[in-house]
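Here's the structure we're looking at; comments come further down.
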Amino acid sequence: GKTTVGRRLALRMNLPFVDADHEIEAASGMTVAEIFAKYGEEYFRDGERRVISRLIDGTPKIIATGGGAFINDDTRALILRDAVSVWLSAHPDILVERVGRRDTRPLLRNRDAGKVLAELARVRNPIYAQAHIHIVSNKTPHEATVAAILRALGR
Numbered sequence: 026g027k028t029t030v031g032r033r034l035a036l037r038m039n040l041p042f043v044d045a046d047h048e049i050e051a052a053s054g055m056t057v058a059e060i061f062a063k064y065g066e067e068y069f070r071d072g073e074r075r076v077i078s079r080l081i082d083g084t085p086k087i088i089a090t091g092g093g094a095f096i097n098d099d100t101r102a103l104i105l106r107d108a109v110s111v112w113l114s115a116h117p118d119i120l121v122e123r124v125g126r127r128d129t130r131p132l133l134r135n136r137d138a139g140k141v142l143a144e145l146a147r148v149r150n151p152i153y154a155q156a157h158i159h160i161v162s163n164k165t166p167h168e169a170t171v172a173a174i175l176r177a178l179g180r
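For what it's worth, my numbering labels the leading residue of the sequence shown as 26, then goes sequentially.
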């Protein structure tokens, strides 16, 4: 979802696209899941903050972040100060359907995805609500989501 929308938005805006998780994996030589398993979430979030800071500091671009990045106080402050944040929200049932297609998310591994995502939404959504732009993307085609973001940006 985020990556596909981010890539299409970048094309429409003629900007480069970067996936923060891919940058973290390239810098560490490990997958996000491996970093979580070996070093834990706190270590991962610190590296994530550093990578996002580096990405924001360069030329304008579209950056897709993992769902937990904006939850970190320091990362969120950095994004809110130096970038335009977009929250793509969806109903937890839709998220379960989407994440069920792959088993790469450390926070969902060997757990009931519906319960975990509902709890994450309860905790995270009030924080996500601080984003500059909020787009609901339940069953919306990617192009419609991109168009909504462009409208919100005044383009």
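Glycine included, every Cβ here is placed at the ideal spot set by N, Cα and C.
Residue i (DSSP reduced to helix, strand or coil)
| i | result |
| --- | --- |
| S110 | coil |
| H47 | helix |
| H116 | coil |
| A89 | strand |
Proximity winner among the options, relative to residue i (alpha-carbon distances)
| i | options | result |
| --- | --- | --- |
| E122 | L145, R79, V111 and G139 | G139 |
| P117 | G91, D82 and R149 | R149 |
| D98 | Y153, R79 and E144 | Y153 |
| R180 | G91, S110 and R37 | R37 |
| F69 | G83, D82 and A52 | A52 |
| T29 | D107, H167, L178 and I158 | H167 |
| T84 | D107, K27, I60 and E66 | D107 |
Endpoints, the alpha helix (DSSP H) within which residue i is located
| i | result |
| --- | --- |
| I77 | E66 to D82 |
N-terminal and C-terminal residue of the beta strand (DSSP E) that residue i is part of
| i | result |
| --- | --- |
| A173 | That residue, A173, is in no beta strand (DSSP E); its alpha helix (DSSP H) goes H167 to A177. |
Assumed close pair residue i, residue j - CB separation to whole angstroms, cut-off 8 Å
| i | j | result |
| --- | --- | --- |
| I49 | V76 | 5 Å |
| R33 | V171 | 5 Å |
| G91 | A45 | 7 Å |
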